[in-house]
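Peer 1: First, the structure itself, so that you have it in front of you.
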Amino acid sequence: GAGVSQSPSNKVTEKGKDVELRCDPISGHTALYWYRQSLGQGLEFLIYFQGNSAPDKSGLPSDRFSAERTGGSVSTLTIQRTQQEDSAVYLCASSLVSSGNTIYFGEGSWLTVV
Amino acid sequence: SQQGEEDPQALSIQEGENATMNCSYKTSINNLQWYRQNSGRGLVHLILIRSNEREKHSGRLRVTLDTSKKSSSLLITASRAADTASYFCATDEGRNSGGSNYKLTFGKGTLLTVNP
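Those protein sequence lines, which keep their order, are chains A and B. Position 38 (the first sequence) corresponds to 27 in the working numbering; numbering is contiguous. Position 76 (the second sequence) corresponds to 95 in the working numbering; numbering is contiguous.
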């Protein structure tokens, strides 16, 4: 597609439920990132995928969070047993592989846990 | 703590004035980027400056980088109401091992308000 596409745009879920957030990166971009942004805060790195390499999961806040990237394209971020502190905007981004390339962000998925 | 930290946290100016935002970071970098975010949604890339560059221009934007002080500044000249947004710096610590494996680290941003 023309840009990074994320779905859903907004999700309200009950505490304890699982949620899945989807990211469709720009075609041809081998690097994919997930970030989280709480209200009024900066971006918090969650996970980074690069081609067939093992993902960098160092930013995932707990084992309730997981992500996968199938076929080197679409990625899904899964949050199990959601908690209220998980409420945030989850931003996906993609880029070409080399350092110094522009990272293109999607519009984000706004998650509210009630 | 954040690798990139913007200063000030908030800035309010009149249309036509210049806006200067600063960013400090802690470790060595390959490059530094500035992004803009409207209404808490997706970020838009503004400009990238490499570690061996000192200044870069793009339209009304001017970015400087001082690696000795580990700081960067973003200057927006002749500001417009449409420039109202949050501005973030992001650094690339760049662990290039046989390809690339890096992630950008963002600061908390500067909220710029340009009053008509």
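A virtual CB, placed ideally from N, CA and C, is assigned to each residue, including glycine.
Can you list, in chain order, the residues of its chain with a C-beta nearer than 7 Å to that of B:Ser119? Leave out the 5 residues immediately preceding and following it.
Peer 2: At B:Ser119 the pLDDT is 44, less than 50, meaning the model places this residue with poor confidence and gives no usable figure here.
Peer 1: CA-CA distance, B:Gly35 and A:Leu35?
Peer 2: Rounded to whole angstroms, B:Gly35 to A:Leu35 spans 38 Å at the Cα level.
Peer 1: If you compare alpha carbons, which of B:Cys108, B:Asn134, B:Leu123, B:Lys122 is closest to B:Asn41?
Peer 2: Considering only alpha carbons, the answer is B:Cys108.
Peer 1: Kindly list, in the order they appear in chain B, the residues whose Cβ is closer than 9 Å to that of A:Ile68.
Peer 2: Near A:Ile68 there are no residues of chain B at all, since even the closest Cβ is about 19 Å away, more than 9 Å.
Peer 1: Could you compute how far the alpha carbon of A:Ser55 sits from the alpha carbon of A:Thr67?
Peer 2: When rounded, the distance between both Cα atoms is 5 Å.
Peer 1: Am I right that A:Ile15 and A:Ser83 are in contact with their C-beta atoms under 8 Å? What's the rounded C-beta distance?
Peer 2: 5 Å between Cβ atoms; contact.
Peer 1: Tell me which residue opens and which closes the beta strand (DSSP E) that A:Ile68 is part of.
Peer 2: It spans 64 to 68 - the beta strand (DSSP E) in which A:Ile68 sits, taken as one unbroken run.
Peer 1: Just how far apart, CA to CA, sit B:His64 and B:Leu94?
Peer 2: Near 15 Å, if we compare the C-alpha coordinates of B:Leu94 and B:His64.
Peer 1: Comparing alpha-carbon positions, which option in A:Gln69, A:Ser42, A:Phe38 lies nearest A:Pro50?
Peer 2: The option with the nearest alpha carbon to A:Pro50 is A:Gln69.
Peer 1: Here's the rule I'm using: 16 or more other beta-carbon atoms within 10 Å means buried, otherwise exposed. How should A:Asp7 be labelled?
Peer 2: Classification of A:Asp7: exposed, given that the 10 Å Cβ count is below 16.
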